[in-house]
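Heads up, the thing below is written out as structure tokens.
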Ligand code: NDP
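In this note's numbering, the protein residues as written are 1 to 280.
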């Protein structure tokens, strides 16, 4: 159980992954991005989630390296994730994309590298390349994103190494009950993207009621619900106050009844694309 911002879950290969991290989707290169990464780390975050398609790996790397250079901590204390984009899913293309991401970030390894989307006919070859990187010791853990159960089963039928993580859209309107159960059974760590439904959930009346009851913000209620489900979560904010708020989750606990109440908000509603029906 995660009881502190720097607590970790143990992936099936033994790697420790922080239970909470900072997401940086839609944050453009520039000082706001560098500042967000720096303030997250300064406020105790140890995990940052980016992707090559976000076009912001340079700024993420800059924020990380500035913090390291100021000697506040060592690279090994941080957990950096990036993702290979759909256009790069060939075997050689993945290897090249990995090197390109590292060069932009200014790092010599990633903690986690993910296949961003399950592009039909392509993800198995991409997975072979991730396995190569992993076996060569160039990345600490490998995983997938936006994989449904059938994608995972299909991938694992031919895989040598089981994905350590599956990062998917997950929030109170999309509770992913079957996938959560399946990944738990398989020892694959589930990770929530758009945990706040990109802000849409902050106006939900049930969640507002719980926020009042616990004396917390709606964002904190949702993120605490992730943690209590054992789901790693990566809320995005560029505002320091919110970055701090989103990590202040460890001085209260949702009751089992309130966990169920939140589970009951499920509508199988997505804010992002459907992994079974996307065209990019
Ligand atoms: P989130 O659900 O994290 O919501 C982010 C939005 O909520 C922003 O508009 C932010 O605004 C606002 N916000 C954050 N904290 C608070 C708060 N405490 N109070 C009020 N508003 C708040 O959305 P994301 O889509 O960014 O998802 C999180 C991360 O997941 C991404 O950044 C990315 O790293 C990853 N992701 C992965 C995907 C994948 O396919 N694998 C797809 C989508 C996301 P502000 O910044 O102004 O504070």
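Glycine included, C-beta positions come from ideal geometry on N, C-alpha and C.
All figures in this text were calculated on a predicted structure; none of them were measured in a lab.
task = Measure the C-alpha to C-alpha separation of residue 98 and residue 143 and round it to an integer number of angstroms.
result = One C-alpha to the other measures close to 14 Å.
query = residue 132: which of 123, 91, 76 sits nearest, CA to CA?
reply = The option with the nearest alpha carbon to residue 132 is 91.
inquiry  = As an exercise, report each continuous beta strand (DSSP E) stretch of at least 3 residues that is fully enclosed by the segment 89 to 128, in chain order.
reply    = Counting only runs that start and end inside the segment 89 to 128, the beta strand (DSSP E) elements of at least 3 residues fall at 110 to 115.
inquiry  = Suppose contacts are defined by Cβ-Cβ distances below 8 Å. Is residue 117 in contact with residue 82 by that definition?
reply    = For residue 117 and residue 82, no; Cβs fall outside 8 Å.
ask   = Should residue 282 and residue 40 be called a contact, given that it needs their Cβ atoms to be closer than 8 Å?
value = For residue 282 there is no data in the structure shown, the boundaries of the chain being 1 and 280.
Own chain residues within Cβ distance below 6 Å of residue 59, not counting five before or after = Excluding sequence neighbours, residue 59 sits near 29, 33, 34.
key: As assigned by DSSP and simplified to three states, the class of residue 18   = Residue 18: strand per DSSP, three-state reduction.
request  = For residue 56, count neighbouring Cβ atoms within 10 angstroms of its own Cβ and tell me buried if that reaches 16, exposed if not.
outcome  = With 16 or more other Cβ atoms inside 10 Å of its own Cβ, residue 56 counts as buried.
ask   = Under the DSSP definition of a beta bridge, which residues are partnered with residue 366?
value = An answer regarding residue 366 cannot be provided, because it is not within the stretch 1 to 280 covered by the chain.
request  = Could you work out which residue in 147, 64, 217 is closest to residue 102 when comparing CA atoms only?
outcome  = When 147, 64, 217 are compared, the shortest CA-CA separation from residue 102 is found for 64.
query = Where residue 203 and residue 13 are concerned, what is the direct C-alpha to C-alpha distance, given to the nearest angstrom?
reply = C-alpha separation (whole angstroms): 39 Å.
query = In angstroms, rounded to a whole number, what distance separates the CA positions of residue 120 and residue 43?
reply = Rounded to the nearest angstrom, the gap between the Cα atoms of residue 120 and residue 43 is 40 Å.
query = How about residue 222 and residue 201: do their beta carbons lie closer than 8 Å?
reply = Against a cut-off of 8 Å, the Cβ pair of residue 201 and residue 222 comes out as a contact.
message = So the candidates are 177, 182, 214, 123; which of them puts its Cα closest to the Cα of residue 250?
response = Residue 214 holds the alpha-carbon nearest to the alpha-carbon of residue 250 among 177, 182, 214, 123.
query = If we ignore side chains and look at the alpha-carbon of each, how far apart do residue 191 and residue 85 end up?
reply = Going from the Cα of residue 191 to the Cα of residue 85 covers about 18 Å.
message = Can you list, in chain order, the residues of its chain with a C-beta nearer than 7 Å to that of residue 287? Leave out the 5 residues immediately preceding and following it.
response = Residue 287 lies beyond the residue range present for the chain, which begins at 1 and ends at 280; the question has no answer from this structure.
request  = Report buried or exposed for residue 255, applying the criterion of at least 16 other Cβ atoms within 10 angstroms of its Cβ.
outcome  = Result: exposed.
task = Go through its chain and collect everything with a Cβ distance to residue 152's Cβ below 8 Å, but skip five positions before and after it.
result = Apart from the 5 residues on each side of it in sequence, residue 152 sits with its Cβ closer than 8 Å to the Cβ of 144, 163, 166, 182, 183, 186, 188 in its chain, given in chain order.
task = Name, in chain order, the residues that DSSP records as bridge partners for residue 239.
result = DSSP output for residue 239 lists no bridge partner at all.
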